[in-house]
Amino acid sequence: MIIAIDGPAASGKGTLAKRIAAHFGLRRLDTGLLYRAVARAVLESGGDVEDPGHRRDAAKRLDAAALRDEAALRQPGVGEAASIVAADPEVRSAVLAFQRDFAAVPPGAVLDGRDIGTVVCPCADAKLFVTASAEARAERRWREMVAGGSDAAPEQVLADIRRRDARDTSRAVSPLRPADDAHLLDTTDLDIEAAFRAAVDLISGSQAAI
């Protein structure tokens with residue numbers, strides 16, 4: 144079984160993906176980490192993520208080992224750079240095979256990202272598009288950052304969220320959008336337990352309909 148979970152930054156899709164993978168006994172891949180790994184490789188080499196050559200070379204050298212240090216990949220600066228990297232069609236092409244190979248290993252997997260249901264796994268058994276208001280997502284991200292010791296201003300976090308949304312939805316290749324057959328799950332007013340229960344119900348309903 145392949146479960147595709149898409150959505151914008153800080154919508155809760157990553158937390159849900161972990162819970163859903165454990166619930167159904169599946170492996171999980173946070174595909175956003177792939178782009179973060181590419182971005183981090185560029186930054187650590189002294190390159191410029193705005194330079195197509197630098198980011199494409201890093202994408203070609205992507206290895207699963209680069210995903211192990213998730214804490215480093217979650218740094219705010221890496222996230223912003225990853226959004227730039229992910230808009231490059233050649234970078235996306237380079238990591239596409241990695242994602243599909245991961246999903247193809249039995250008994251399946253949960254993949255979360257921004258184009259799983261539309262591009263990476265268009266034939267997934269169940270698709271969710273997890274969203275929330277920009278304000279709710281910014282508050283969640285700000286609380287995470289403060290807990291990690293950041294002194295980021297809430298208004299700056301909201302501006303960053305809106306900038307990433309604009310970039311992700313307007314890019315020419317694989318823009319962020321719900322698949323036509325995806326179930327929409329708005330988590331604006333839901334805590335994680337309520338969102339998890341709703342997601343499991345939607346996935347189970349998709350399975351029953353097959």
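Under this note's numbering, the letters of the sequence shown match residues 144 to 353, in that order.
Here a beta-carbon is modelled for each residue, glycine too, at the ideal position from N, C-alpha and C.
N-terminal and C-terminal residue of the beta strand (DSSP E) that residue i is part of
| i | result |
| --- | --- |
| residue 274 | 269 to 274 |
| residue 172 | 170 to 173 |
| residue 253 | 252 to 256 |
| residue 237 | Here residue 237 belongs to no beta strand (DSSP E); instead the alpha helix (DSSP H) covers 232 to 247. |
Chain-order list of residues whose beta-carbon lies under 8 Å from that of residue i (same chain, five-residue window excluded)
| i | result |
| --- | --- |
| residue 335 | 155, 158, 159 and 162 |
| residue 325 | 147, 149, 260, 270, 271 and 272 |
| residue 177 | 205, 210, 238, 241 and 242 |
| residue 220 | 186 |
| residue 195 | 231 and 233 |
Spatial neighbours of residue i in its chain, beta-carbon cut-off 7 Å, leaving aside the 5 residues before and after
| i | result |
| --- | --- |
| residue 215 | 183 |
| residue 276 | 331 |
Residue i versus residue j - alpha carbon distance
| i | j | result |
| --- | --- | --- |
| residue 266 | residue 247 | 11 Å |
| residue 292 | residue 342 | 31 Å |
| residue 296 | residue 249 | 44 Å |
| residue 226 | residue 258 | 13 Å |
| residue 323 | residue 263 | 14 Å |
| residue 169 | residue 314 | 31 Å |
| residue 274 | residue 223 | 19 Å |
| residue 164 | residue 305 | 29 Å |
| residue 180 | residue 337 | 31 Å |
| residue 278 | residue 208 | 35 Å |
| residue 308 | residue 171 | 24 Å |
| residue 339 | residue 333 | 9 Å |
| residue 345 | residue 188 | 43 Å |
| residue 234 | residue 202 | 6 Å |
| residue 186 | residue 348 | 43 Å |
| residue 217 | residue 251 | 26 Å |
| residue 192 | residue 228 | 6 Å |
| residue 253 | residue 350 | 14 Å |
| residue 282 | residue 290 | 12 Å |
Whole-number beta carbon distance between residue j and residue i, since they are thought to touch under 8 Å
| i | j | result |
| --- | --- | --- |
| residue 255 | residue 311 | With 8 Å as the limit, residue 255 and residue 311 do not qualify as a contact, their Cβ atoms being about 14 Å apart. |
| residue 319 | residue 151 | 6 Å |
| residue 268 | residue 144 | 5 Å |
| residue 231 | residue 199 | 7 Å |
Below-8 Å beta-carbon distance, residue i vs any chain D residue
| i | result |
| --- | --- |
| residue 238 | Protein chain content of the structure displayed is limited to a single chain, and chain D is not contained in it. |
Span of the alpha helix (DSSP H), counted from its first residue to its last, around residue i
| i | result |
| --- | --- |
| residue 319 | No alpha helix (DSSP H) holds residue 319; DSSP gives it neither H nor E. |
| residue 200 | 195 to 203 |
| residue 299 | 297 to 313 |
| residue 192 | First-last for residue 192: undefined, no H or E at that position. |
| residue 216 | 213 to 216 |
| residue 226 | 219 to 228 |
| residue 160 | 156 to 167 |
heavy atom of the ligand FMN below 7 Å from residue i C-beta
| i | result |
| --- | --- |
| residue 175 | The ligand FMN is absent from the structure shown, which contains no ligands of any kind. |
Per DSSP, cross-strand counterpart(s) of residue i
| i | result |
| --- | --- |
| residue 145 | 252 |
| residue 329 | 274 |
Cβ neighbours of residue i in the same chain (closer than 6 Å, five flanking residues each side left out)
| i | result |
| --- | --- |
| residue 284 | 153 and 300 |
| residue 190 | 197 |
| residue 86 | One cannot answer for residue 86 here, as it falls past the ends of the chain, which runs 144 to 353. |
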